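**Student:**
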Amino acid sequence: MPFIQDWIHRAEEGGGTRYLKYALIIFAFVAMILSYNYRGFKNMSNLESMDAAQLARNISEHKGYKTQFVRPFSTYLLQKAAVEKYGPLPVGNLEDRAQLHAMHPDISNPPVYPLALAGLMKVVPFKYSVSSPKSIWNRAGAFWMYEPDFAISVFNQFLFFIGVVLVFFIARRLFDSAVAWTSAAVFFGTDLFWRFSISGLSTMLLIVIFLVLVLGLILLEQAARDGKWKESSLLALAATVGVCVGIGTLTRYSFGILMLPILLFFILFLPQRRVIFSLATIAAFAVVLAPWVFRNYRLSHTAFGTAQYAIYETVAPFTEHRLSRSLKPDFSQVHYNQIWFKFLGNFRSEVAEDLPRIGGNWVSAFFLAGLLISFKHPGLNRLRFFLLFSLFAFLVAQALFRTQLAEDSPIINSENLLVILAPLIIIFGVSLFYTLLDQVSFPIPQLRSLAIGGFCAILCLPMILTFVSPRVNTIAYPPYYPPIIQKISSWMKPDELMMSDIPAAIAWYGDRQCMWLPLNAQDDFFQVNDYLKQVHAVYLTPQTMDGRFLTQWVRAGEHSWGSFILESMVKKELPPNFPLRKSPSGFLPEQLFLTDRDRWSEAAIQ
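So the sequence shown is numbered by full-length UniProt numbering: it starts at 1 and just counts up by one.
In C-alpha cells form, the structure reads like this:
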C-alpha cells in the first residue's frame, strides 16, 4: 500500500495536516446538519417561505414569474394601473384586468431568492406529493417531513456554510487567525442562524451577499489608502459593491437602504475619490435594479408592488393583514401622525429588545463594550463606523416598514434586518474578547485555551442544548398540515380559484390558485366571485376557526368571516345567498371546507 504509506508520511510531516483539518471541518459541518435537522427541523411555518417556494416552482416549470398565491390588494393595484393606462371598463365588459383567469403575476416578492430556489429545483429533483407511508419522510406510517421543505433547508444550510467561510476570511484579514477561527466557530454555533436556515426564508442568502459586500468595502478602503491599485480596478471594486447592494435589494427590498451607509462611508473615509466611487456604486446599483422596477411599474404603476405600501401596515385601519386582504383600500383614512407613532413605537421596541440580542447570543455585549476602544488600524475603525451606520439604517427601516409578519413570528421573519449584521458584530465582539484575554497572564498555556473554549461554549449554549432537548415536532400544525392541504387541492382543477386563510400553503403544498380571504364574507366575496373570477371553494383552518371571539369575530363586523363561522356553527346553516354549500365530513370543528359540489365523492370514483 505505497499510496497509503505516502499519504500517512505527508500527514505526519505536516504537509497533509491542512487538508486533514479542512476535511474534518467539512465532516463536522455535515454531521451538524444531519444532527440538527434530526433534532430541530420543522416544516415551513412562515407565509413568506411558502410564497417564495411556490414562486420558485412556477419559475422552474417555465410558467414565468407568476404566483398561485393571490393577494386581494395585488388585484387592486393591477386593476388601478389598467384604469390609469386604458381608462375605466365599459359597462358589461368583464376584461380580466385583475389577471386571475390565467396565472397571476407576482408583484409582492423580489426575484433573486425565488430564482435561486428555482435553480435548485432544476438541479435536484423535487417530489412534491406527500410521500407514501413507507417513505423515510414518514414515521410509523404517519406524515413527518415534507421532502421539498427539507431540501430547501439543506440549501440554506449550504449558504450558511459559505457564510461561515466568509466570516473566517474577513476576520483573518481584519485581525488574525485566532480571531478568525473563534469568530467562525461562534457564528457556526449560534442557534439563531440555524433556525433561520430551516425557516425557508432568504436570510442566509442575504447574509452571504452582505459579507461579500463587506469584503469588497474592506478591499476598496485598503486599496485606496495604500495607493497601489489602478484607478480602473478601484472603480470596478466600487461597482461590485453597488452590484452587491442591488442583488441584495432584489432579495429583500429593505436591504437597499444600505446604499446610504455606503455613500456616507465614501464621503467620510475616502474623500479624494468620494464622488467617483459614489457614482460608480450608484450606477451599478441602478443597472441591477432598473429592469425589475420597470417590470413592476409596467404591471402595477409601482416600483416595488405591494411591498411599497408596507409603511401603512399595522396602522389603523390596516391592522394585522388587512391591507393585503383589501380589495379597495382607502389610504385617506391613514394620517401621517399614525405612521410617526408606528415608527416611534417600533423603534423603541427594537432598542429595548432587539438590539441587546442582535448577535444571536451574548457576543453583542462585547461588541457594544468594544465601541469604547479605538483600534490602531484606521481600516478597522472605519469598518466599525460603517457597521454602526448600517445598524442605525436597518433600525429605521425595520421600524418604519414593520408588518404583521413580524408580529406573527417576532424573531424568525424576513423583516429581521439586524440579524444580517450579526456576523460582523460577532467578529468585532470576538476581537474585544482577545484584547481582554491578552491582558491576562495565565500560569500555564492550557488555561488560555480553556478560557477560549469556555467563551465559545457559553455563546453556543442554546445550540448545544438543542441536542439534549426533546426533538421538535416537525409538523407546523396548526394551521399547516400538508397531507390535508394536498387532499383538498386534489379535488380542485388547476384553473379553479379557492379562498383560504392560508393561501401560501395552498399554493405551495397544493399547487392551486388561492386568494387570501378578503375582509368580509359578503360584499368582498361576491365582488371577487361575480366580477373577477368564480370562487369554487373556501378553506378555513384554525387560523380563523380558533380566532379571538370578541376582536376577530364580533367587532370585525356583521359580515366578517368570524360572523360567517358563528352563523354556520351556531345556527347550523350557511347564509342563504352563499353559493358554496357542500362540505365533507371530518373537518369540523377545527377546519371548514366549502365548495360548489360533492368533489370528494367524484375523486373517490375516479
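Built from N, CA and C at the ideal position, the CB exists for glycine as well.
Quick caveat: nothing in here was measured; it's all calculated off a predicted structure.
#1: Provide the residue span of the alpha helix (DSSP H) that contains Met-463, from first to last.
#2: Taking the Cβ atom as the reference point for each residue, do Phe-385 and Phe-196 lie within a distance shorter than 9 Å?
#3: Across which residues does DSSP place Met-498 in a beta bridge pair?
#4: Please state if the CB of Asn-413 and the CB of Asn-46 are separated by a distance shorter than 9 Å.
#5: Counting along the chain, where does the beta strand (DSSP E) carrying Thr-595 start and finish?
#6: Measuring straight from C-alpha to C-alpha, what distance separates Tyr-86 and Asp-96?
#7: Taking the alpha carbon of Val-123 as the point to measure from, which residue in Phe-155, Gly-305, Pro-110 has its own alpha carbon closest?
#8: Compute the distance between the beta-carbons of Asp-191 and Cys-460, then report whether it is under 9 Å.
#9: Quick one: is Leu-436 buried, meaning 16 or more other Cβ sit within 10 Å of its Cβ, or exposed?
#10: Pick helix, strand or coil for Thr-302, following the three-state DSSP scheme.
#11: Identify whether Val-70 lies in helix, strand or coil by the three-state DSSP scheme.
#12: What residue range does the alpha helix (DSSP H) around Leu-372 cover?
#13: What residue range is occupied by the uninterrupted alpha helix (DSSP H) comprising Tyr-434?
#14: On the DSSP bridge list, what partners appear for Asn-138?
#15: Please classify Pro-470 as buried or exposed, where buried requires at least 16 neighbouring CB atoms within 10 angstroms.
#16: Residues in its own chain within less than 8 Å of Glu-590 by CB, not counting five upstream and five downstream?
#17: Roughly how many angstroms separate the alpha carbons of Phe-41 and Thr-302, rounded to a whole number?
#18: Assuming residue 623 and Leu-383 form a contact by the criterion Cβ under 8 Å, report the distance between their Cβ atoms to the nearest whole angstrom.
#19: Looking only at C-alpha atoms, which of Phe-187, Phe-394, Ala-52, Tyr-434 sits nearest to Glu-415?
#20: What three-state label does DSSP hand Lys-127 in the structure shown?
#21: Rounded to the nearest angstrom, what separates Glu-84 and Leu-299 at their Cα positions?
#22: Among the residues of its own chain, which have a CB less than 8 Å from the CB of Ile-33, if the five just before and after it don't count?
#23: Can you check DSSP and say which residues form a bridge with Ala-104?
#24: Under 8 Å by Cβ, that's how I've got Asn-43 and Met-204 pegged, so tell me the actual separation to the nearest angstrom.
#25: Note the first and the last residue of the continuous alpha helix (DSSP H) segment covering Arg-348.
#26: Using 9 Å as the threshold, is the C-beta distance between Pro-273 and Leu-215 below it?
#27: Following the continuous alpha helix (DSSP H) through Arg-195, name the residue where it begins and the one where it ends.
#28: Excluding five sequence neighbours on each side, which residues of the same chain lie with their C-beta closer than 7 Å to the C-beta of Phe-160?
#29: According to DSSP, is Ile-458 helix, strand or coil?
#30: Thinking C-beta only, is Ala-238 closer than 9 Å to Ile-276?
#31: By Cβ distance, which residues of its chain are closer than 7 Å to Glu-48, with the 5 residues on each side in sequence left out?
#32: Please tell me whether Val-70 and Trp-516 are closer than 9 Å, where the distance is taken between their beta carbons.
#33: Measuring straight from C-alpha to C-alpha, what distance separates Asn-93 and Leu-532?
#34: Measure the alpha-carbon distance for Phe-375 versus Trp-229 and round it to whole angstroms.
#35: Return the residue from the list Leu-264, Gln-222, Ser-278 that minimises the CA-CA distance to Val-243.
#36: Output the residue ranges of the beta strand (DSSP E) runs that lie fully inside the stretch 17-52 and measure 3 residues or longer, sorted by chain position.
**Tutor:** Reading it off the structure:
#1: 461-466
#2: no
#3: Cys-514, Ala-537
#4: yes
#5: 592-595
#6: 13 Å
#7: Phe-155
#8: yes
#9: exposed
#10: coil
#11: strand
#12: Looking at the DSSP string, Leu-372 is not in any alpha helix (DSSP H), and its letter there is neither H nor E.
#13: 418-437
#14: Phe-143
#15: exposed
#16: Pro-478, Thr-541, Pro-542, Met-545, Asp-546
#17: 38 Å
#18: Residue 623 is absent from the model: the chain starts at 1 and stops at 606.
#19: Phe-394
#20: coil
#21: 11 Å
#22: Val-154, Gln-157
#23: Residue identity differs from the one stated: residue 104 is His in this sequence, not Ala. DSSP lists Thr-67 as partners of His-104.
#24: About 18 Å separates the two Cβ atoms, so there is no contact after all.
#25: 336-349
#26: It is worth fixing the name first, because residue 273 is Arg in this sequence and not Pro. Cβ distance not < 9 Å, so Arg-273 and Leu-215 don't count as in contact.
#27: 191-197
#28: Phe-193, Ser-197, Met-204
#29: helix
#30: yes
#31: Leu-201, Leu-405, Ser-414
#32: yes
#33: 11 Å
#34: 25 Å
#35: Ser-278
#36: none
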